[in-house]
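Here the structure is laid out as structure tokens; the discussion comes afterwards.
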Amino acid sequence: MESSYLNYAMSVIVSRALPDVRDGLKPVHRRILYAMIKGGFTKDRAYNKSARVVGDVMGKYHPHGDSAIYDAMVRMAQDFSMRLPLVDGQGNFGSIDGDPPAAMRYTEARMTRGAHEMTRDYDRSTVDWSPTYDNKELEPKVLPTVIPNLLINGGAGIAVGMATKLPTHNPAEAIDACLLVLRNSAANLDDVMKIMPGPDFPTGGIIRGKAGIRDAYETGRGSIVLSGVSDIEEGKSGKSRIVITELPYSVNKARFLEKIGDLANDKDRILDGITDVRDESDRDSNVRIVIDMRRDTDPHIILNKLRKHTQLVTTFAVNATCLDEYGRPKVMPLMEQIRAFVAFRKDVVRRRTIHDLTNARDALIKQIGLYAAVSLVDKVVELIKSAPDVDTARARLMALPFPVEGDFQSLLADADPDNEFHAPGDEFHLNEEQSNAILALSLRSLTGMERDKIAEKSRELSAEIRGYVRILNDRQVLISVVEQELLEARERYADPRRTQIEANELDVLNDEDLIERREVVLSFTHGGYVKRTDLDAYREQKRGGRGRSGMDMKDGDFITSVMTCSSHSPLVFFTSRGIAHSLKAWQLPEGAINARGRPMINYMQLRSTEGEYLSSVIPMPENPDEIEDLSMVFVTDFGNIRRSRAADFMSINKRGKISMPLDDENGNPKGKLVNVLLCRDDDTIMIATRKGMCSRVRVGDLRVIGSRTSTGVRGMQLAKDDQVISACLLHGNDVTDDERHAFNNGGTVVLGSEGNERTVTVSEARMAEIEAQEQILLTVSENGFAKRSSAYEYRTTNRGAKGLAAAQINKKTGPLLACFPVTSEDGLVMMTKDGQTIRIPIEGIRKASRTTQGVKLVKLEDGKTITTVAKVPAPDDEDIEIEE
């Protein structure tokens, strides 16, 4: 068994699967070309049935199945498989769509011009021969190819325990590389790559990066990234479309199109946005695939998805395993392949020259003998006629002396100056070979010969012999012959490069590259649910419309925060325990307008059983340069405040990191993070407490603290048993304190102490400017009292101050529950202790002075209070009546 397996393995390796480095052919391909040249299926003749070729190959040289032979011949005829086809096929020989060829009884074939280069001089003793499988004929062990077929056409095969896969190259570049090594044996890979920078595939495409090429050329193994050629065009009505004009080598176009359809229609909608895929390719293998898209679809995102999920980008794994001149399989780097071919070409030219020299010498010997015979033609004819048999005639001819004089002497001096073919002296005698040549002629032919023509032919042969000898004796002359033949081949087969090479490697596509950049709406609920919805889904609605169905939420749940951002916006989440997490907006679950979303705990670790919840969600700028000027201000419930660089929170690992330590040494919370605000130097922070006090601090007055282990500094001095319940951002403005007081009093105010009064008046134009910058603050207490006040009523204070009253808080109102800026378009949601939810429009809440308690929004039963307040989009239903 072991012996049989080894015999089988060697047979597959040597006789079937691996190409020879010299002619680049496997045995089946070599036998096909040899059978075609022997059968006369040449380029200058008519096509012959493919079955005829297959029959000759199978019957004489290749004892295997006819389908395997036909498949090999079909590939040799495909211009999308071979860089230089070796078979000229007529009929259906398959297509880039993977269509099978017609049966061999229908198709016809003949050799191409390139195939003639492969078989040139096969009958001039240029290669070794071996018996065929039935010992009835001989076949060449290798073809004496003029072109470097292994480089030009590459190949692939699977043997036993090894495989091969070689890329194709541009014919002109491959020949130039061989010429370089032929002229300069010290040339290295760098020199070659200046001429032949990389593979050139018949289907074109783009090679991404040179590192894979370099590895493949240096070691014989490497991975080359190959992509198709695509372009984005603008179609009708502003719609974009992707046009693919080239596919990577060996990609089946029909399967490629099928894959696009599957991705566009599957449940995950990977290629969502595609409306149509058309194949506009022609019969000449010119690819044109058109992908139409919706108007709102980003074609660059679709193109990235095609690169990741389809064969628009493939990898060509080079494995340069082939047989050397001794039939041994080995992995050959590029330089070894080129040197092997150059050495082979030298050997072919040397052997051919020896063959031609031998024939020329034989012909010259015969011509000299003919000249001698014609010089004494009468005697020669009489001698032959009088001889009783051939042997006697031969003996008499060899004994007949021919005087060396006159023209004959001159001919011998020119044609045989070294006396190589005759003995020196006054007489010339024919040898046996010359005598046989004369006897082989009819007497009529002999008598009709002209001595001048024989002499001219002899001198030509003598010149040829001297040329052959010079080739054999002078290495540089032999190299020049090889060089000239390669140059002639280059002239015949040079064509433009089809595959582009880009130095930059194709970026590794991550998930974000495949997400379309769109404006999205993020919704967060009180119950911890989150979802992402395209902004376009919220179509505008006229007043009086019925609106859309609301979110399908659990009882008692409601939206607490809604924000718009880009799908690529980085989001930083801060929990009440001071832990920071980071996600991109696209990583949050997508849902329709009426969808509930998914629990936030699926996307980050929240210790909800210990009371941890999200206290802040901040969409960050995508441009790092925009982040440098921003700060994050942390506010705790015990009154501390800390300003940090926003850029310090751009790199957060999946498990999150501590943004502010709020646990004691035993892991128990010593306070909560109320809010984190993204702000600029000219912004102000409004801090409000349960007892109705507030402090407005300028961000620019806060020192930036670089340590994340710091809990900050005192932001506000709290009374006993008081705590911070909210912190909000008020944008900076250019309104002075005098203008603020005048604005709050209708445009004119008297300031200063008695005796030092001064009147401040603000013009109408300035009043309009101040009003345009005005922000409105809403305060809500536990017992349902609320009011809107101008932020101009809240002056800035120093950090650490006790602050001023945000609202009148007493037993009737209950503790302050919330303080934040609102607009008239906002809505308000309140949840009571027993889970009752009330939603009202902000516009219906009366504006009042800062120091008032406000109006009562809702009647509450005894013992019930409001526990949660959130700003939400205004409700679509009718206004709710509010008690004054």
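Going by this note's numbering, the first residue of the sequence shown is number 330, and it counts up by one from there. C-beta atoms are modelled at their ideal positions from N, C-alpha and C, and glycine is treated no differently. Here the structure is a predicted model, which means the values were calculated and not measured.
Hey, how far is the Cα of residue i from the Cα of residue j?
i: Asp1012; j: Val1091; result: 24 Å
i: Tyr858; j: Ile1169; result: 22 Å
i: Ala1056; j: Cys1148; result: 8 Å
i: Gly907; j: Leu991; result: 6 Å
i: Arg598; j: Gly394; result: 46 Å
i: Lys675; j: Leu362; result: 22 Å
i: Thr1181; j: Asn1073; result: 15 Å
i: Ala1094; j: Gln1104; result: 18 Å
i: Asp954; j: Ala823; result: 51 Å
i: Val642; j: Tyr578; result: 10 Å
i: Gly1173; j: Glu563; result: 49 Å
i: Ser556; j: Asp529; result: 13 Å
i: Arg351; j: Leu479; result: 7 Å
i: Ile620; j: Asp605; result: 6 Å
i: Ala914; j: Ala593; result: 23 Å
i: Val1026; j: Ile947; result: 20 Å
i: His498; j: Ser764; result: 55 Å
Please state the DSSP three-state secondary structure of residue i.
i: Lys565; result: helix
i: Gly484; result: strand
i: Arg773; result: helix
i: Gly1084; result: coil
i: Thr532; result: coil
i: Thr854; result: strand
i: Gly1113; result: coil
i: Pro356; result: helix
i: Asp457; result: coil
i: Gly551; result: strand
i: Ile830; result: strand
i: Phe422; result: coil
i: Pro998; result: strand
i: Glu762; result: helix
i: Asp977; result: helix
i: Pro500; result: helix
i: Lys1185; result: strand
If you follow the alpha helix (DSSP H) that residue i is in, where does it begin and where does it stop?
i: Leu693; result: Leu663 to Ser704
i: Met1160; result: Looking at the DSSP string, Met1160 is not in any alpha helix (DSSP H); the run it does join, the beta strand (DSSP E), is Asp1155 to Thr1161.
i: Tyr655; result: Unbroken run through Tyr655: none, as it is neither H nor E.
i: Met989; result: Taken as a continuous stretch (DSSP letters only), Met989 belongs to no alpha helix (DSSP H), as it is neither H nor E.
i: Ile620; result: Here Ile620 belongs to no alpha helix (DSSP H); instead the beta strand (DSSP E) covers Ile618 to Met622.
i: Thr721; result: Val719 to Ala728
i: Met402; result: Asp395 to Ala406
i: Val382; result: Ser379 to Asp385
i: Ile808; result: Arg804 to Tyr822
For the ligand GDP, is there a heavy atom less than 7 Å away from the beta-carbon of residue i?
i: Lys913; result: Here there are no bound small molecules, and the ligand GDP is not part of this structure.
How would you label residue i, buried or exposed, when you count the other beta carbons within 10 angstroms and need 16 or more for buried?
i: Ser435; result: It should be pointed out that residue 435 corresponds to Tyr in this sequence rather than to Ser. The residue in question, Tyr435, is exposed, as its Cβ has fewer than 16 Cβ neighbours within 10 Å.
i: Arg877; result: The predicted model places Arg877 with a pLDDT of 44, which falls under 50 and marks its position as unreliable, so this point remains unresolved.
i: Leu511; result: buried
i: Trp458; result: exposed
i: Val1109; result: buried
i: Glu848; result: exposed
i: Pro414; result: buried
i: Val1079; result: exposed
i: Thr1081; result: In the sequence under discussion, the amino acid at residue 1081 is Gly, which differs from the Thr named in the question. Exposed is the call here.
i: Asp1163; result: exposed
i: Ala1120; result: buried
i: Tyr1123; result: buried
i: Lys1049; result: exposed
i: His1060; result: exposed
From which residue to which residue does the beta strand (DSSP E) around residue i run?
i: Lys913; result: Ile908 to Lys913
i: Lys494; result: Ala492 to Leu495
i: Thr548; result: Premise fails: Thr548 lies in the alpha helix (DSSP H), Ala540 to Thr548, not in any beta strand (DSSP E).
i: Gly418; result: Val416 to Gln419
i: Glu1122; result: No beta strand (DSSP E) holds Glu1122; DSSP gives it neither H nor E.
Quiz item: How about the region 1028–1039 and the region 934–950: do they share at least three Cβ pairs that are nearer than 8 Å?
Solution: no
Quiz item: Looking at C-beta atoms only, is the number of pairs between the region 493–511 and the region 787–807 that lie closer than 8 Å three or more?
Solution: no
Quiz item: Would you call the region 787–794 and the region 702–713 touching, i.e. three or more CB-CB distances under 8 Å?
Solution: no
Practice problem: Count the C-beta pairs between the region 369–389 and the region 425–445 that are closer than 8 Å, then say yes if the count reaches three, no if not. | Solution: yes
Quiz item: Between the region 687–695 and the region 485–498, do three or more beta carbon pairs fall short of 8 Å?
Solution: no
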